[in-house]
Structures are given as C-alpha cells and as structure tokens.
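Visitor: After the structure tokens below, expect a handful of questions from me.
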Amino acid sequence: MPKTLRNVYFKKLTFENLINAHYRAILGKRDRKETLLFEMDLETNIANLYDDLLTNNYKLGKYRTFTIYEPKERIIKSLPYRDRVVHQWYVEEFIKPIFIPKFIKDTYACINDRGTHLCYAQTQKYMRHMQNKYGTYYILKGDIKKYFYSINKDILLKILKKTIKDENLLELTKKLIYDDGEIKGIPIGNYTSQYFANIYLSELDYFVKHKLHIKYYLRFMDDFVLLLPTKKECQEVLAKIRTFLTEELDLELNQKTRYYPNKFGCNFCGYVIHEHYTLLRRRCIINIKRKMRKHNLNLKDFYGHLKHANCYNFVQKIQEECNRLDKLSKLEQK
Numbered sequence: 534m535p536k537t538l539r540n541v542y543f544k545k546l547t548f549e550n551l552i553n554a555h556y557r558a559i560l561g562k563r564d565r566k567e568t569l570l571f572e573m574d575l576e577t578n579i580a581n582l583y584d585d586l587l588t589n590n591y592k593l594g595k596y597r598t599f600t601i602y603e604p605k606e607r608i609i610k611s612l613p614y615r616d617r618v619v620h621q622w623y624v625e626e627f628i629k630p631i632f633i634p635k636f637i638k639d640t641y642a643c644i645n646d647r648g649t650h651l652c653y654a655q656t657q658k659y660m661r662h663m664q665n666k667y668g669t670y671y672i673l674k675g676d677i678k679k680y681f682y683s684i685n686k687d688i689l690l691k692i693l694k695k696t697i698k699d700e701n702l703l704e705l706t707k708k709l710i711y712d713d714g715e716i717k718g719i720p721i722g723n724y725t726s727q728y729f730a731n732i733y734l735s736e737l738d739y740f741v742k743h744k745l746h747i748k749y750y751l752r753f754m755d756d757f758v759l760l761l762p763t764k765k766e767c768q769e770v771l772a773k774i775r776t777f778l779t780e781e782l783d784l785e786l787n788q789k790t791r792y793y794p795n796k797f798g799c800n801f802c803g804y805v806i807h808e809h810y811t812l813l814r815r816r817c818i819i820n821i822k823r824k825m826r827k828h829n830l831n832l833k834d835f836y837g838h839l840k841h842a843n844c845y846n847f848v849q850k851i852q853e854e855c856n857r858l859d860k861l862s863k864l865e866q867k
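When you number the sequence shown by the numbering used here, it's gap-free, plus one each residue, and the end is 867.
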C-alpha cells in the first residue's frame, strides 16, 4: 500500500467509478425528487460530472440547511445529489484506501468493522487488564468542544497534504474543504466530513500513542478514553493533551473532560462500562422512555445496543409498558 497519493486522480476518474458512486449515494434515497430526476437521465448526468471533474471545472452546488433535534440539536447542511455522488467517489477511491490503513487500531467510527460495539468490547478488555495489574486505576475521559464546528480548515488541508501529492486531487480536496465559505468547521451532513474529522484527530492518536506512549487509549470520533495507573499521571497526560490540541489542532476540550477512579465505570460508546458488566447510559434510557410515551418506540430498533448491556429487567419493564399502552390505544380507537 503506497504511503502517498500520486498520479491517481485520472486513473480513478472513470465513468464506471462514478456510476458506482451514484449507486452508493442513492441507497435509501431512491424515492426523493432530486434522485429520481438524476436517474431519469443518468448517463448524461454522469457524463457531465465526468467532464467537469476531468477539466477541473467542477463546482459544488448550494447548501440546504436544516436542524435536527435527536439525539441532540445540530445544524445539518445538505448538498445537491450531484455533489453527494462526488463525495462518494472521493471517499471510496482516495480516502478509504490510503488513510484508514494509517489509523491506529483503536480508532473507531466510520470504519468498516470498527463500530460502537467493537469499541465497547475493546474498552472493557483493556479495563480488565488494568484491574488485573493495578486493582484500582484511573479513567481519563476526553471530549472535544463543538468538534465539527471547530475544525480549522487550513490545518486540515495541511494534514491532508502530507499524503495527497496529486495536484488535481489536491485541487478537488480544496474545493471540498472550503466549499461552504466558512473559515472554520466542516458541515455535519457531508459524507466527506466524518472522514476528514477522523483524519484530523488521528494526529492526536499518533501523539498519545507514539509521543506519550500510552498503552490503553481508544477514540470514537471526538470522544476518547485513556486508562492510567494513577491520578498524578492523569493530571500530567491531560495537561500535555490540552497543549497539543490547542497548539497543533486549534481545538479545546469541553468541560465534560475529566478523570476518576475506575469504580465509577467508563461512560463511553453509549454505555457505562465496568470490568465485568455493562450498564446503559442515562441518556439512552431517557430516549427509550420518551419514545415510549410518544407511542413511537420499536424495541427492535434498540436491540443491537441493548443486547450488550446488563439490562434484562429494564427491557422487560419497557416491553410490558409498551404492551399496556398499545392496549389502551386500541380501546380508545373503538
């Protein structure tokens, strides 16, 4: 696997690759007006896109902005479908093959076969190792303040430039980074953003693993955990991480960042993880109860998450309450 991207832009710019990017981009969105219109004249639209990318005349469309409120309030920016095809092509042909193999093994999120549940399992495994070795130890839990909105685009480009040496690919990369006219922050909603965000914080991964030589460190997007023997070591490591984030990445840790003894468990990946058992996070419980009250709960949607936690009694109570509410609803309809 090459360490840099050279002379690859035109090799990967093929009609077939763009068609494949379209088929990935359209998954779950076939009934939308813009995708139906794009597919009505698919060959012409792909050919026009190919020509624009070939001649470096490609320009991104106008963003549509809206707000979502689950799991928390976020501003989402959405590009026209044509641009989402380009994002798919860019990520699958250039970003995934060259950048993901460079990530440390304990970076998770937006990586095939490295999702929430593997991260949870690995965290618990490391916690057991620490307990076996030290008995009591400390958990340093870090969280980046307003991460996606805080990414410095110039620093992001500088990081990408270390690997991207193809001038045509670099020009496209600049368009994708600076597309929304903002100085800071990358749009939540772009397919490229989750990968740019992971690449950006991979600099922190290298710093923690190779400069600070921390054995037990895991990161899931902008949340990270370190397992350390003493409170003093937590204080020293946290100070170094703060300095690195500020000076090298122009980022801040939010006020939720803290360290504490392992007896309180590790609040990570949607769970409160202990060495030999796992609990649901309070926010997950609140979310389930809220959906239940709104008669909008399907426990099957949560099963993948619930099955990893010790929550049998909770699930039984929720199921009983759902059944009761269903009966009441049917009686009211009669």
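The beta carbon of each residue, even a glycine, is placed where N, CA and C say it ideally should be.
Does DSSP put D756 in a helix, a strand or coil?
Guide: One-based indexing of the sequence shown puts residue 756 at position 223. It is a strand residue.
Visitor: To which residues does DSSP link P794 through a beta bridge?
Guide: As a working note, residue 794 is residue 261 in the sequence shown. Paired residues: Y671.
Visitor: Could you name the residues of the same chain whose beta carbon sits closer than 7 Å to that of I552, not counting the 5 residues immediately before and after it, in chain order?
Guide: Here the question's residue 552 lines up with position 19 in the sequence shown. Hits under 7 Å: I579.
Visitor: L778 and V541 - do their beta-carbons sit closer together than 8 Å?
Guide: Numbered from its first residue, the sequence shown carries residue 541 at position 8. Numbered from its first residue, the sequence shown carries residue 778 at position 245. Contact: no.
Visitor: In this structure, what does DSSP give as the bridge partners for S611?
Guide: Numbered from 1 along the sequence shown, position 78 holds the residue referred to as residue 611. R597.
Visitor: Can you tell me whether H555 is buried or exposed? The criterion is at least 16 other CB atoms within 10 Å of its CB, across all chains shown.
Guide: Against the sequence shown, residue 555 aligns to sequence position 22. It counts as buried.
Visitor: Under DSSP, the beta strand (DSSP E) around V541 begins and ends at which residues?
Guide: For this step, residue 541 is matched to residue 8 along the sequence shown. V541 -> no beta strand (DSSP E), and no H or E assigned at all.
Visitor: Return yes when the Cβ of N550 is within less than 8 Å of the Cβ of E626, no when it is not.
Guide: In the sequence shown, residue 626 corresponds to position 93, counting from 1. In the sequence shown, residue 550 corresponds to position 17, counting from 1. In this structure, N550 lies closer than 8 Å to E626 by Cβ.
Visitor: Identify the residues that DSSP records as bridge partners of L813: which are they?
Guide: In the sequence shown, the residue the question calls residue 813 occupies position 280. In DSSP, L813 forms a bridge with Y804.
Visitor: Got a sec? Which residues, its chain only, sit under 6 Å from E567 by beta carbon, not counting five neighbours each side?
Guide: Taking the first residue of the sequence shown as 1, we reach residue 567 at position 34. Cβ neighbours of E567 beyond the five flanking positions: Y614.
Visitor: Compute the beta-carbon to beta-carbon distance between T656 and V758, rounded to the nearest angstrom, for a pair I have assumed lies under 8 Å.
Guide: Walking along the sequence shown from the start, residue 656 turns up at place 123. Walking along the sequence shown from the start, residue 758 turns up at place 225. Between V758 and T656 the Cβ distance is about 6 Å, and since that is below 8 Å, they are a contact.
Visitor: Return helix, strand or coil for L751, following the three-state DSSP convention.
Guide: Within the sequence shown, the letter at position 218 stands for residue 751. Looking at L751 - three-state DSSP - the assignment turns out to be strand.
Visitor: Whose C-alpha, out of Y739, K717 and M754, is nearest the C-alpha of N731?
Guide: Walking along the sequence shown from the start, residue 731 turns up at place 198. Closest option to N731, Cα to Cα, is M754.
Visitor: If we count the other Cβ atoms within 10 Å of its Cβ and call it buried at 16 or more, is G561 buried or exposed?
Guide: The residue you call residue 561 lines up with position 28 of the sequence shown. Under this definition G561 is an exposed residue.
Visitor: Could you check whether the region 804–822 touches the region 683–703, counting it as contact only if at least three pairs of C-beta atoms, one from each stretch, sit closer than 8 Å?
Guide: The region 804–822 is not in contact with the region 683–703.
Visitor: Where does D687 sit, in a helix, a strand or coil, going by DSSP?
Guide: Here residue 687 refers to the residue found at position 154 when the sequence shown is read from its first residue. DSSP places D687 in helix when its eight states are reduced to three.
Visitor: From I821 to F543, what distance separates their C-alpha atoms?
Guide: Looking up residue 821 in the sequence shown gives position 288. Looking up residue 543 in the sequence shown gives position 10. Roughly 49 Å separates the two Cα atoms.
Visitor: For the putative contact between F801 and K679, defined by C-beta atoms under 8 Å, what is the C-beta separation to the nearest angstrom?
Guide: Taking the sequence shown and counting its residues from 1, the one referred to as residue 801 is at position 268. Taking the sequence shown and counting its residues from 1, the one referred to as residue 679 is at position 146. Not confirmed; about 19 Å, so no contact.
Visitor: Just to confirm the assignment: which complete alpha helix (DSSP H) runs, minimum length 4, are found wholly within the region 694–749?
Guide: Whole alpha helix (DSSP H) segments, 4+ residues: 700–710 and 724–739.
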